[in-house]
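Engineer:
Number of protein chains: 2
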Amino acid sequence: MPDRHVQTFRQFHRVVMREAGALQGDFLGRGRALGASRLVWDMGDGPVAVAALRERLGLDAGYTSRLLRSLEVEGLVQVRPSPDDARAKVASRTVSGAAEAALLDQLSDAAAQATLDGFTASEVAQVEAAARTLTRALTRRHLTIDAADPQSRDAQWCVGQFFAELDALFDSGYDPAKAVVVGAGDLTPPRGTFLVARLHGQPVGCGGVKLPAGEPAFLKRMWVAQSARGLGVAGLILDRLEALAVAAGSPAVTLDTHSVLAAAGQLYESRGYRQVPDFNGEPHADRWYRKEL
Amino acid sequence: MPDRHVQTFRQFHRVVMREAGALQGDFLGRGRALGASRLVWDMGDGPVAVAALRERLGLDAGYTSRLLRSLEVEGLVQVRPSPDDARAKVASRTVSGAAEAALLDQLSDAAAQATLDGFTASEVAQVEAAARTLTRALTRRHLTIDAADPQSRDAQWCVGQFFAELDALFDSGYDPAKAVVVGAGDLTPPRGTFLVARLHGQPVGCGGVKLPAGEPAFLKRMWVAQSARGLGVAGLILDRLEALAVAAGSPAVTLDTHSVLAAAGQLYESRGYRQVPDFNGEPHADRWYRKEL
DNA sequence: GCATATCGCCGACTGTAGTCAACGATCCAT
DNA sequence: ATGGATCGTTGACTACAGTCGGCGATATGC
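Each protein sequence line maps, in turn, to chains E and F.
Letter by letter, the first sequence follows residues 6 to 298 of my numbering.
Letter by letter, the second sequence follows residues 6 to 298 of my numbering.
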C-alpha cells in the first residue's frame, strides 16, 4: 500500500479511536452506559424478541438480560413473555422509553450537526458522501453472500419479509399465489440459485436466479432489509447473480419489478438494464427489464 | 438537517461504534490492552516527556504511570528521569518496543488493507478520499485557532519547531538572524496578529500577519506540525489571516516561501495566490506570492 | 533556607464490558 | 410422557478504563 494511503488510514484510525473513546461511559450525556443506551436506541418501536435484539447488537445473553433489567428498573422498557413461546421474551419501550429514544435521536443528530458546523453546503454533501463510502467499506467486511436452500430458515425469513413489504406497499396487497410461479426446484442447482446476504451473520437480503438452458436468466426475489439499505448490498447480490448467469451461458438477464420500488429501478438502470415489454404477465409488476450478457 | 443526512450519519455512527468496540480489549491481537498498545504506538522514536505523552493521549497521570510500568516490565519502554528536571521523566521505546511499534504499524496497515479488499483501484481512491474528508470533519471540532502573543509559550514552541524544520530542510540551514526582520510588535495588534492552532488543546500550527496601514498585508511563519498535516489546518489558518487582512482594509496579501515546501505552494496557488517577483529580498525564499483582496 | 508548587507514583476505588457455566422453565419430536 | 434442545436468568469471574487522594522527591520564588 502506498505511503499516502497508509498515512490517511492511520490518521483516520486514530481520530475514530479518540471519537469512540469519548462515546464510552456516559453515552451522549444521558447518565447511562453505552450498552444500555444502545439497547433503548436500537430497540425500535414495536415489541422485539429479546433474542433478535441480542443478536443484532452482538451481545451476550447474560449481559443483555442484565441490561434489560436495569432499563426495566429505570422504567424505559418492558419485558414480557413472548405470546408464541413462553420460554422466549419480547421487549418493548415504555412511553418514557420512547421519549428517551427520541431524545437520543435528537442528541445524536445534534452531534452530527456539530461535526458539520462550519462547512459549506457543498462540503456537507462531500462529507456525507464520504460517510456513506466509508460505511460501505467498513460494512462490506462483515457481509457474506452465500448460496442457500430457498427452504432454509434464513431464506424463508427473507422472502417472508419481502412479501410482507410488498403487501404493505401495493394498494391491492401482494398475493404470492397470484404471482408468476417459481417452482420448488427453479432456484436450486442446477436449474437456478438462491443467495442470502448476511451482515454479522444475520440475514439482510436475498436474491434468486432461474437459469433455463439456452434462455435468458430470470431474476426473482431481490430484496434488502431496511436496516441494510444504502450499503450497496443489492448491487453485490446483483453482481453475484449476473456472474451465475454468465457461468450458465445465459444470453441475457431479465426481471420484473414495480415502479413503487424506486431504488430497485435505479439500480437496474445504472447496471445497464433497459426496459422491455411485459414478457411474463406478472400481475404485481409494472416494469420489465432486460440486459444482454 | 434533511432526513437523508441523518440516515447516513446514524449508519456511519453505528458502524464506527461496532468497529471501535472490536478494537477494545486485545488491540490488534497483541495480547495487550488498547491503552498500553496506544502508548507504545504513539510514543514515537525519540524520548518523550511523560507529561507530553499523557496530554497527547488525554490520559490520567496515575493511569499513564501504571501503563508505562506494565510496558517497562514487558521490556518495551524505558522510563528515565528527565535531564532537565529530576521530578519529570522521559519515556523512550527499547529496541523491542520499536519492533513492537513497527509490528503494530504493519498490523494496522493490514487491517486497512483488509477493509479495502474487494474494491477496485478507483474505489480505493474514493474510500481514501472519504477517509480524508471524514478525518478532517471529525478533527475540526477539536481544532481551535486563536490569536496569541508571539512571546507566549505555545507560540514560541510553534515558531521553534518551524525554524528547526527549515534548518533541517535547507542545504545551507536556516538562520533567523539573516531573515527579513519581523519586529516585536509587527505580529501583535494593532500592527498585526499571530494565530496559534490547537488540536485537543495542544499547539499544532501557527501563522502571523503583518498589517501595515494602506500597504499589502504580509503573511509570516505559517506552519503546521507533521502530526496534523492533511487535516486542512493550514487552510483554516490562511482563511483567518486573510479575514484579518480584509478587516484591516489591506489591498492585497503577500508572502514569501520556498519551493521545498511543496504543500505550501500548492495551498497558496489553490487559494488564488499568484507568483510575483522578489519584493523583500528574503534570503531563505525562492518564491513570492500575492493575492489581491 | 524555607514554604510552596509541581511531578510522577501508588493504593484504593468505581464503573463498564464481557465471559462462562449452571439452572429452571418451556417447547418439541418421538 | 419423556429426553433433548432452547430460552432467559443468575452468580461468579476477568479485564479494562479511569478517578481520587496522599506520598515522597524535586524545583523554584522569596
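Just so it is clear, CB atoms sit at the ideal spot from N, CA and C, and this is done for glycine as well.
Among E:Val45, E:Gln111, E:His289, which has the Cα closest to the Cα of Asp180 (chain E)?
Structural biologist: Here residue 180 (chain E) refers to the residue found at position 175 when the first sequence is read from its first residue. Nearest option by C-alpha distance: E:His289.
Engineer: With burial defined as no fewer than 16 other Cβ atoms inside 10 Å of the residue's Cβ, what is the status of Val201 (chain E): buried or exposed?
Structural biologist: The residue given as residue 201 (chain E) occupies position 196 in the first sequence. Result: buried.
Engineer: Return the CA-CA distance between Gln207 (chain E) and Thr144 (chain E), expressed in angstroms with no decimal places.
Structural biologist: Stepping through the first sequence from its first residue, residue 207 (chain E) is reached at position 202. Stepping through the first sequence from its first residue, residue 144 (chain E) is reached at position 139. Computed Cα separation, rounded: 13 Å.
Engineer: Indicate whether at least one CB of chain E lies closer than 8 Å to the CB of Gly235 (chain F).
Structural biologist: Locating residue 235 (chain F) in the second sequence gives position 230, counting from the first residue. Yes, because at least one Cβ of chain E sits closer than 8 Å to the Cβ of Gly235 (chain F).
Engineer: Between the alpha carbons of Gly36 (chain F) and Asp65 (chain F), how many angstroms are there, rounded?
Structural biologist: Here residue 36 (chain F) refers to the residue found at position 31 when the second sequence is read from its first residue. Here residue 65 (chain F) refers to the residue found at position 60 when the second sequence is read from its first residue. Going by the C-alpha atoms only, they are around 22 Å apart.
Engineer: Between the segment 87-103 of chain F and the segment 38-54 of chain F, do three or more beta carbon pairs fall short of 8 Å?
Structural biologist: Contact between the segment 87-103 of chain F and the segment 38-54 of chain F is present, because at least three Cβ pairs lie under 8 Å.
Engineer: Could you tell me which chain E residues have their CB closer than 7 Å to the CB of Gln156 (chain F), listed as they occur along the chain?
Structural biologist: In the second sequence, counting from the first residue as 1, residue 156 (chain F) sits at position 151. Those within 7 Å of Gln156 (chain F) in chain E number zero; the least Cβ separation is about 29 Å.
Engineer: Three Cβ pairs or more, each shorter than 8 Å: is that satisfied between the segment 40-51 of chain E and the segment 96-111 of chain E?
Structural biologist: Counting Cβ pairs under 8 Å, three or more are found: they touch.
Engineer: Going by beta-carbon coordinates alone, are Thr140 (chain E) and Leu236 (chain E) separated by less than 8 Å?
Structural biologist: Start at 1 with the first residue of the first sequence, and residue 140 (chain E) comes out as number 135. Start at 1 with the first residue of the first sequence, and residue 236 (chain E) comes out as number 231. Taking 8 Å as the Cβ cut-off, Thr140 (chain E) and Leu236 (chain E) qualify as a contacting pair.
Engineer: The segment 136-154 of chain E: which residues have C-beta closer than 9 Å to a C-beta of chain F, in chain order?
Structural biologist: Correct list: Ala136, Arg137, Thr138, Leu139, Thr140, Arg141, Ala142, Leu143, Thr144, Arg145, Arg146, His147.
Engineer: Counting only the same chain and skipping the five closest in sequence on each side, list residues whose C-beta sits under 7 Å from that of Glu247 (chain E).
Structural biologist: Against the first sequence, residue 247 (chain E) aligns to sequence position 242. Cβ within range, chain order: Val258.
Engineer: Within a Cβ cutoff of 7 Å, which residues of the same chain sit near Glu105 (chain E), ignoring the five residues on either side of it in sequence?
Structural biologist: By one-based count along the first sequence, residue 105 (chain E) stands at place 100. Same-chain partners within the cutoff: Val45, Leu81.
Engineer: Compare the C-beta of Thr120 (chain F) against all C-beta atoms of chain E and say whether one is closer than 8 Å.
Structural biologist: Here residue 120 (chain F) refers to the residue found at position 115 of the second sequence. Yes - at least one Cβ of chain E is within 8 Å of the one on Thr120 (chain F).
Engineer: Measure the CB-CB distance between Ala254 (chain E) and Val229 (chain E) and report whether it falls below 8 Å.
Structural biologist: On the first sequence, residue 254 (chain E) is found 249 positions in, with the first residue counted as 1. On the first sequence, residue 229 (chain E) is found 224 positions in, with the first residue counted as 1. It is Gly, not Ala, that sits at residue 254 (chain E) in the sequence shown. Contact: no.
Engineer: Tell me, please, which residues DSSP counts as bridged to Glu297 (chain E).
Structural biologist: Numbered from 1 along the first sequence, position 292 holds the residue referred to as residue 297 (chain E). Looking at the DSSP assignment, Glu297 (chain E) forms a beta bridge with E:Ala257.
Engineer: If you measure from the beta carbon of Thr259 (chain F) to each beta carbon in chain E, is any gap under 8 Å?
Structural biologist: For the purposes of this step, residue 259 (chain F) is taken as residue 254 along the second sequence, with counting starting at 1. Cβ-Cβ to chain E under 8 Å: no for Thr259 (chain F).
Engineer: With 8 Å set as the bound, which would you pick, yes or no: does the beta-carbon of Val132 (chain F) sit closer than that to a beta-carbon of chain E?
Structural biologist: Residue numbering aside, residue 132 (chain F) sits at position 127 when the second sequence is read from its first letter. Answer yes: the Cβ-Cβ gap between Val132 (chain F) and chain E drops below 8 Å somewhere.
Engineer: If you reduce the DSSP assignment to three classes, tell me which class Gln166 (chain F) lands in.
Structural biologist: Taking the second sequence and counting its residues from 1, the one referred to as residue 166 (chain F) is at position 161. In the structure shown, Gln166 (chain F) sits in a helix (DSSP, three-state: H, G or I).
Engineer: When DSSP labels each residue in this structure, what does Asp283 (chain E) get in the three-state scheme?
Structural biologist: Locating residue 283 (chain E) in the first sequence gives position 278, where the first residue counts as 1. Coil, per DSSP.
Engineer: Beta-carbon separation of Leu298 (chain E) and Ala250 (chain E) under 8 Å?
Structural biologist: Looking up residue 298 (chain E) in the first sequence gives position 293. Looking up residue 250 (chain E) in the first sequence gives position 245. For Leu298 (chain E) and Ala250 (chain E), yes; Cβs fall inside 8 Å.
Engineer: Pull up the distance between the alpha-carbon of Leu112 (chain F) and that of Ala218 (chain F), whole angstroms please.
Structural biologist: The residue labelled residue 112 (chain F) in the question sits at position 107 within the second sequence. The residue labelled residue 218 (chain F) in the question sits at position 213 within the second sequence. Cα to Cα, the separation comes out at about 56 Å.
Engineer: For Thr69 (chain F), go through chain E and note every residue whose CB falls closer than 7 Å to its CB, in chain order.
Structural biologist: Along the second sequence, one-based indexing puts residue 69 (chain F) at 64. Residues of chain E passing the Cβ test: none, with the nearest at roughly 15 Å.
Engineer: Excluding sequence positions up to five away, which residues of its chain have a Cβ less than 6 Å from the Cβ of Gly213 (chain F)?
Structural biologist: What you label residue 213 (chain F) is simply residue 208 of the second sequence in a count that begins at 1. Here the set comprises Leu192, Phe199, Lys225, Arg226.
Engineer: Roughly how many whole angstroms lie between the Cα atoms of Ala184 (chain F) and Glu287 (chain F)?
Structural biologist: Working through the second sequence from its first residue, we reach residue 184 (chain F) at position 179. Working through the second sequence from its first residue, we reach residue 287 (chain F) at position 282. So the two alpha carbons sit approximately 6 Å from each other.
Engineer: Rank F:Arg203, F:Leu62, F:Phe175 by C-alpha distance to the C-alpha of Ser264 (chain F) and give the top, closest one.
Structural biologist: Position 259 of the second sequence holds residue 264 (chain F). Of the candidates F:Arg203, F:Leu62, F:Phe175, the one whose C-alpha sits nearest the C-alpha of Ser264 (chain F) is F:Phe175.
Engineer: Straight-line CA distance for Pro155 (chain E) to Gln131 (chain F)?
Structural biologist: Residue mapping note: residue 155 (chain E) aligns to position 150 of the first sequence, counting from 1. Residue mapping note: residue 131 (chain F) aligns to position 126 of the second sequence, counting from 1. Using only the alpha carbons, I get a separation of about 36 Å.
Engineer: Cβ of Ser113 (chain F) less than 8 Å from any chain E Cβ?
Structural biologist: As a first step, residue 113 (chain F) must be located in the second sequence, where it is residue number 108. It does; some Cβ of chain E falls within 8 Å.
Engineer: Between Arg37 (chain F) and chain E, is the shortest Cβ-Cβ distance under 8 Å, so that the two count as touching?
Structural biologist: What you label residue 37 (chain F) is simply residue 32 of the second sequence in a count that begins at 1. No - not a single Cβ of chain E is within 8 Å of the one on Arg37 (chain F).
Engineer: Please list, in chain order, all residues of the same chain as Pro282 (chain F) whose beta carbon is under 6 Å from its beta carbon, the five residues on each side excluded.
Structural biologist: Position 277 of the second sequence, counted from the start, is the residue given in the question as residue 282 (chain F). So no residue of the chain qualifies.
Engineer: Please look up how many angstroms separate the CB atoms of Ala107 (chain E) and Ser75 (chain E), rounded, as I've assumed it's under 8 Å.
Structural biologist: Locating residue 107 (chain E) in the first sequence gives position 102, counting from the first residue. Locating residue 75 (chain E) in the first sequence gives position 70, counting from the first residue. Ala107 (chain E) to Ser75 (chain E), Cβ: 20 Å. No contact.
Engineer: Measuring CB to CB, does Thr13 (chain F) end up less than 8 Å from Ala136 (chain E)?
Structural biologist: On the second sequence, residue 13 (chain F) is found 8 positions in, with the first residue counted as 1. On the first sequence, residue 136 (chain E) is found 131 positions in, with the first residue counted as 1. Yes, the Cβ-Cβ distance between Thr13 (chain F) and Ala136 (chain E) is below 8 Å.
Engineer: Just checking my contact of Arg295 (chain E) with Asp261 (chain E) at CB under 8 Å: how many whole Å lie between their CB atoms?
Structural biologist: As a working mapping, residue 295 (chain E) is identified with position 290 in the first sequence. As a working mapping, residue 261 (chain E) is identified with position 256 in the first sequence. Arg295 (chain E) to Asp261 (chain E), Cβ: 10 Å. No contact.
Engineer: Whose Cβ in chain E lies nearer than 7 Å to the Cβ of Val20 (chain F)?
Structural biologist: Your numbering for residue 20 (chain F) matches position 15 in the second sequence. By Cβ distance, chain E contributes Thr140, Leu143, Thr144.
Engineer: Among all the DSSP beta bridges, which residues are the ones paired with Val45 (chain E)?
Structural biologist: Looking up residue 45 (chain E) in the first sequence gives position 40. According to DSSP, Val45 (chain E) bridges with nothing at all.
Engineer: Just verifying my parser: in three-state terms, what is the DSSP assignment at Thr193 (chain F)?
Structural biologist: Indexing the second sequence from 1 puts residue 193 (chain F) at position 188. Coil at Thr193 (chain F), not helix or strand.
Engineer: How far does the beta strand (DSSP E) with Thr149 (chain F) in it extend, from its first residue to its last?
Structural biologist: For this step, residue 149 (chain F) is matched to residue 144 along the second sequence. Looking at the DSSP string, the run of the beta strand (DSSP E) that includes Thr149 (chain F) is 148-152.
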